[in-house]
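Chain order of the listed sequences is A and B.
Counting in the working numbering, the first sequence tops out at residue 358, every number present.
Counting in the working numbering, the second sequence tops out at residue 675, every number present.
Beneath this line is the structure, given in structure tokens, with notes to follow.
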Amino acid sequence: MKFLSDKTVDHLRQTADTPDLSGTRYQLLERVARGGMGTVYAATDETLGRRVALKVLDVPVAGGDFARRLNREARVLARLEHPGIVPVHDVGTLSDGRVFYTMKFVEGQRLDKHIEAVTSLPDRLRLFLRICDAVAFAHARGVLHRDLKPANVMVGAFGEVLVMDWGLAKIMREQSADFAEDPEATILQTPKSAGAPADTTQATQITGQGTVLGTPGYMSPEQSRGDVAHIDERSDIFSLGALLQFLCASPATQVNPNGTWRRDKAREAICAKSTETDPGKRYANVTELSADVSRYLDGLPVSARKETIFDKAARFYRRHTVAILLIAAYLAMRILLLIFSRR
Amino acid sequence: MNKVLLGLLLGAVLGAVDGLTSWFTPAVRAQLAGIVIGSTVKGIIAGIAIGFFARKVHSLALGILFGLAVGFVLAFIVAQLQHGYYLEIILPGSIVGIIVGYATQRYGAASAGVPAPTR
């Protein structure tokens, strides 16, 4: 009896997993990435002659509900037309029954790789604000991302920022009249009695996927508890806060724990408020969070922290350093002239 | 506030303050009023010129340089008319020009569609 080597087994597995795109308008090019939900391939749309990203979900289709849900999810994402959200072009089913999406093929880098080259904190914060724009737009349309993390943000070749991987996105019916017509739009409405023990299995059943519902470190406490009833846009705000903390870690810190940017209480307060354990203490919405970050960038007081008179003075000095130094130079020069003229 | 108005006001205020400092020089204290008026007018002229420049050229460095040049030239002319006190007149006048040049570029409202110079 002859055993196959691991390498051969891996190769066979990959070959078996390679989606059969016959009967579709797409031609497979190469495997790009693999996530928790599925595998992303580069493909060519032969009808339109363009490159697309094709995501094939790994989860076998056990019944019609799952496929219907994924189709609905793709329809919802297709409505999220925003420059910061990767547009879904198409959704379909392969001959083996697996559901697939096609999306815009983004040529760029993941945020965690991209920021290695971004050493300026304001530039990093401006990137963050663009992520907030996209998430705020989705929230306004009643959609939660639920898996915001650096790996799910792409920065394109021309600096465009795109929030990717809406595979765990959920819809809040009450916040979107547009989706109210969709009878399957409510996923988060399953009631959960207060004080009941956290049950991740239940959460998994509710979402019906049996897969990870987020990423540790970026997942809000209520999300990691599986407290589905209490997940709302503030859960995404927690993830954004964790993302902000990641971006505010200095380049030196990422490679050397001793090197840091100057500590700033206002910046830390924004991060702390975003990542509060109690959702009620977080920012109420993404617009508030991004407004605070914008104020911080402009050298204005932030709502997350009450300033002392010394903080105000320090902030005023930082904001008007050159003007203050010029006036100081003028006064110093005047005093010197006075001293010399009296001699 | 638009750049020309900001330049005018700042030039006037700094020019007046600059003139008032001559009170510390006993030799010219008797001419204080004339000096203050002259210095204020000089500041206004410099401020307007720098403000117009800032409206046309959106560059912090060039704004400061232009402010320095205008402040220096006007102060030099005044010093020539005074036949003395070159250092006491030219040095502060030049620094006032720099301050107005910086302020008009940094704090003056840009025309619609034109971004303010980066910090």
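Using N, Cα and C, we set each Cβ at its ideal position, and we do this for glycine too.
Secondary structure of residue i, DSSP reduced to three states
i	result
Asp197 of chain A	Only weak support is given to the placement of Asp197 of chain A: the predicted model assigns it a pLDDT of 42, under 50, and the value that follows is read from those uncertain coordinates. Three-state result, Asp197 of chain A: coil.
Tyr41 of chain A	strand
Leu346 of chain A	helix
Lys321 of chain A	coil
Leu259 of chain A	helix
Gln190 of chain A	At Gln190 of chain A, the pLDDT of 44 sits below 50, so the modelled position is not reliable and the matter cannot be decided from this model.
Arg46 of chain A	strand
Arg125 of chain A	strand
Phe331 of chain A	helix
Val170 of chain A	strand
Leu136 of chain A	helix
Val573 of chain B	helix
Asn273 of chain A	Because Asn273 of chain A carries a pLDDT of 49, less than 50, the predicted location of this residue cannot be relied on, and the following value inherits that uncertainty. The answer is coil: DSSP assigns Asn273 of chain A none of H, G, I, E or B.
Leu203 of chain A	In this prediction, Leu203 of chain A scores a pLDDT of 36, lower than 50, which makes its location untrustworthy; no coordinate-derived value is stated.
Gly107 of chain A	strand
Thr222 of chain A	Annotation note: pLDDT 45 at Thr222 of chain A (below 50); position unreliable, no value reported.
Lys164 of chain A	coil
Gly112 of chain A	coil
Gly53 of chain A	strand
Ser208 of chain A	Note on Ser208 of chain A: pLDDT 34, under 50, position unreliable in the model; the coordinate value appears next. In the structure shown, Ser208 of chain A sits in coil (DSSP, three-state: anything other than H, G, I, E or B).
Asp180 of chain A	coil
Arg240 of chain A	coil
Asp307 of chain A	helix
Leu69 of chain A	strand
Thr101 of chain A	First, the amino acid is wrong: residue 101 of chain A is Val here, not Thr. It is coil, neither helix nor strand.
Thr23 of chain A	helix
Val613 of chain B	coil
Ala583 of chain B	helix
Leu340 of chain A	helix
Ala264 of chain A	coil
Leu159 of chain A	strand
Asp148 of chain A	helix
Asp60 of chain A	strand
Ala299 of chain A	coil
Ala678 of chain B	Outside the modelled stretch of chain B, which goes from 557 to 675, sits residue 678 of chain B, for which no answer is possible.
Thr117 of chain A	strand
Ala666 of chain B	coil
Under 8 angstroms from the C-beta of residue i: neighbouring residues of chain B
i	result
Ala344 of chain A	Ile651
9 angstroms Cβ cutoff met for residue i and residue j
i	j	result
Arg161 of chain A	Gln238 of chain A	yes
Gly571 of chain B	Ala610 of chain B	no
Val158 of chain A	Lys185 of chain A	yes
Ile633 of chain B	Gln661 of chain B	no
Asp313 of chain A	Ala281 of chain A	no
Gly623 of chain B	Ile654 of chain B	yes
Thr581 of chain B	Glu644 of chain B	yes
Val170 of chain A	Leu136 of chain A	no
Leu142 of chain A	Leu255 of chain A	no
Leu72 of chain A	Tyr56 of chain A	no
Thr117 of chain A	Ala68 of chain A	yes
Phe152 of chain A	Leu95 of chain A	yes
Gly607 of chain B	Leu564 of chain B	yes
Phe253 of chain A	Thr302 of chain A	no
Arg359 of chain A	Pro648 of chain B	With chain A represented from 16 up to 358, any question about residue 359 of chain A goes unanswered, as that position is not in the structure.
Listed by chain order, chain A residues near residue i by CB distance under 7 angstroms
i	result
Tyr658 of chain B	Val337, Ala338 and Leu341
Leu565 of chain B	Those within 7 angstroms of Leu565 of chain B in chain A number zero; the least Cβ separation is about 15 angstroms.
Cβ-Cβ separation, residue j to residue i (assumed contact under 8 angstroms), whole Å
i	j	result
Ala149 of chain A	His97 of chain A	6 angstroms
His154 of chain A	Asp251 of chain A	7 angstroms
Gln42 of chain A	Thr59 of chain A	5 angstroms
Val592 of chain B	Gly575 of chain B	4 angstroms
Val652 of chain B	Gly590 of chain B	Not really, about 18 angstroms apart at Cβ, beyond 8 angstroms.
Leu561 of chain B	Tyr663 of chain B	In fact, because the Cβ distance is near 11 angstroms, the residues do not count as touching under 8 angstroms.
Val364 of chain A	Ala93 of chain A	Outside the shown range of chain A, which is 16 to 358, sits residue 364 of chain A, and nothing can be said about it.
Lys164 of chain A	Thr230 of chain A	5 angstroms
Contact list for residue i against chain A, beta-carbon separation under 8 angstroms
i	result
Leu576 of chain B	Those within 8 angstroms of Leu576 of chain B in chain A number zero; the least Cβ separation is about 11 angstroms.
Ile655 of chain B	Ala338, Leu341, Ile342 and Tyr345
Leu647 of chain B	Met348 and Leu352
Neighbouring residues, chain A, relative to residue i (Cβ below 9 angstroms)
i	result
Phe580 of chain B	Arg349, Leu352, Leu353, Ser356 and Arg357
Ile593 of chain B	Simply none; closest approach about 19 angstroms.
Practice task
May I ask you to verify whether the segment 29-38 of chain A touches the segment 102-121 of chain A, counting CB pairs closer than 8 angstroms and requiring at least 3?
Solution key: yes
Practice task
Determine, using beta-carbon pairs with one atom in the segment 302-313 of chain A and one in the segment 282-290 of chain A, whether at least three such pairs fall under 8 angstroms.
Solution key: yes
Problem - contact_flag[the segment 292-300 of chain A, the segment 246-253 of chain A] where n(CB pairs < 8 angstroms) is 3 or more - result: yes
Exercise for the section: Please determine if the segment 326-342 of chain A and the segment 624-639 of chain B are in contact, where contact requires at least 3 C-beta pairs separated by less than 8 angstroms. Expected result: no
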